[in-house]
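Chains as they are written, first to last, in the working numbering: chain A, 8 to 123; chain B, 381 to 495.
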Amino acid sequence: AQKITQTQPGMFVQEKEAVTLDCTYDTSDQSYGLFWYKQPSSGEMIFLIYQGSYDEQNATEGRYSLNFQKARKSANLVISASQLGDSAMYFCAMRDWETSGSRLTFGEGTQLTVNP
Amino acid sequence: DTGVSQNPRHKITKRGQNVTFRCDPISEHNRLYWYRQTLGQGPEFLTYFQNEAQLEKSRLLSDRFSAERPKGSFSTLEIQRTEQGDSAMYLCASSSTDRSNQPQHFGDGTRLSIL
Numbered sequence: 008a009q010k011i012t013q014t015q016p017g018m019f020v021q022e023k024e025a026v027t028l029d030c031t032y033d034t035s036d037q038s039y040g041l042f043w044y045k046q047p048s049s050g051e052m053i054f055l056i057y058q059g060s061y062d063e064q065n066a067t068e069g070r071y072s073l074n075f076q077k078a079r080k081s082a083n084l085v086i087s088a089s090q091l092g093d094s095a096m097y098f099c100a101m102r103d104w105e106t107s108g109s110r111l112t113f114g115e116g117t118q119l120t121v122n123p
Numbered sequence: 381d382t383g384v385s386q387n388p389r390h391k392i393t394k395r396g397q398n399v400t401f402r403c404d405p406i407s408e409h410n411r412l413y414w415y416r417q418t419l420g421q422g423p424e425f426l427t428y429f430q431n432e433a434q435l436e437k438s439r440l441l442s443d444r445f446s447a448e449r450p451k452g453s454f455s456t457l458e459i460q461r462t463e464q465g466d467s468a469m470y471l472c473a474s475s476s477t478d479r480s481n482q483p484q485h486f487g488d489g490t491r492l493s494i495l
């Protein structure tokens with residue numbers, strides 16, 4: 008069964024520094040997609056970045072980049088130059104069509120706190 | 381470009397009552413998803429519509445739960461005879477296609493509290 012593991016319940020980072028949030032996944036599908044979402048305390052889930060299993064390059068979106076290591080089944084999110092507004096819950100999610108169709112499977116999340 | 385809209389934002393009800401939530405997806409999106417999120421956990425998939433057709437249902441969706449999308453636009457999620465364990469955030473998401481790289485865009489959720 009597919010599974011997303013986020014081993015860091017909480018992370019702290021100083022403003023303007025970079026931080027890496029870990030995500031490992033488990034699937035037997037060859038084709039799958041990995042997503043990162045941000046959930047502030049207000050509750051909305053905000054899409055940040057996507058990585059496809061066949062993508063050769065690591066995804067980047069502004070200050071967000073994804074360190075994708077397919078052989079290790081890891082898809083870590085890197086946030087550069089952290090800002091106070093980055094404080095939120097971050098979820099890694101996977102979509103693997105053969106096993107689970109259109110649904111996203113989420114990890115348990117990492118609570119990031121950015122200190123001034 | 382309006383996002384996914386969910387109503388109400390909060391719902392407090394007594395155990396045993398029925399509740400109904402509404403989701404209005406992004407207008408051009410024909411795929412609509414419902415998830416449930418309990419405190420400290422990631423969202424869990426409940427069900428999925430493509431236009432008006434309900435294509436997937438999770439085993440989490442007991443027979444007390446029913447979801448509809450009658451005209452392929454907005455959707456409703458009804459919970460009958462609510463139980464304490466139904467207390468959660470109910471999230472709706474939509475997407476335009478089923479292509480692999482298309483993210484699901486989420487609403488702000490409806491927080492349900494069962495007294």
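Just so it is clear, CB atoms sit at the ideal spot from N, CA and C, and this is done for glycine as well.
Buried or exposed (CB count within 10 angstroms, at least 16 for buried), residue i
i, result
"A/A88", "exposed"
"A/Q90", "exposed"
"A/Q46", "buried"
"B/L435", "exposed"
"B/Y415", "buried"
"A/I11", "buried"
"B/I459", "buried"
"A/R102", "buried"
"B/Q464", "exposed"
"B/N481", "exposed"
"B/H390", "exposed"
"B/P388", "exposed"
"B/A433", "exposed"
"B/F486", "buried"
"B/R479", "exposed"
Beta carbon proximity, residue i to chain A, threshold 8 Å
i, result
"B/N387", "no"
"B/G422", "yes"
"B/Q397", "no"
"B/G489", "yes"
"B/E463", "no"
"B/E436", "yes"
"B/L419", "no"
"B/N481", "yes"
"B/L471", "yes"
"B/F401", "no"
Residue i in three-state terms, based on DSSP
i, result
"B/T382", "coil"
"A/S107", "helix"
"B/Q464", "helix"
"A/G114", "coil"
"A/Q15", "coil"
"A/S21", "One detail in the question is off: residue 21 of chain A reads as Gln in this sequence, not Ser. Of the three classes helix, strand and coil, the one that applies to A/Q21 here is strand, per DSSP."
"B/K501", "One cannot answer for residue 501 of chain B here, as it falls past the ends of chain B, which runs 381 to 495."
"A/T31", "strand"
"B/D488", "coil"
"B/T477", "coil"
"B/R402", "strand"
"B/L471", "strand"
Residue-level contact to chain B via CB, residue i, 8 Å cutoff
i, result
"A/M18", "no"
"A/S81", "no"
"A/E24", "no"
"A/G92", "no"
8 Å Cβ cutoff, residue i in contact with chain C
i, result
"A/D33", "Among the protein chains in the structure shown, which are A and B, there is no chain C."
Unbroken beta strand (DSSP E) runs of length 3 or more, entirely within the region 408 to 462 of chain B: which are they?
411 to 417, 424 to 430, 433 to 437, 445 to 448 and 455 to 459
Taking a Cβ distance cut-off of 7 Å, strictly less, list which residues of the region 51 to 77 of chain A are near chain B, in chain order.
E51, M52, F54, Y57 and G59
Within the region 33 to 118 of chain A, ranges of the alpha helix (DSSP H) (whole runs, at least 4 residues)
104 to 107
When you check each C-beta in the region 109 to 123 of chain A against every C-beta of chain B, which residues fall closer than 7 Å?
Listed by position along the chain: S109, R110, L111, F113, G114, E115 and G116.
Residues of the region 440 to 466 of chain B in Cβ contact with chain A at a cutoff of 9 Å, in chain order, please.
none
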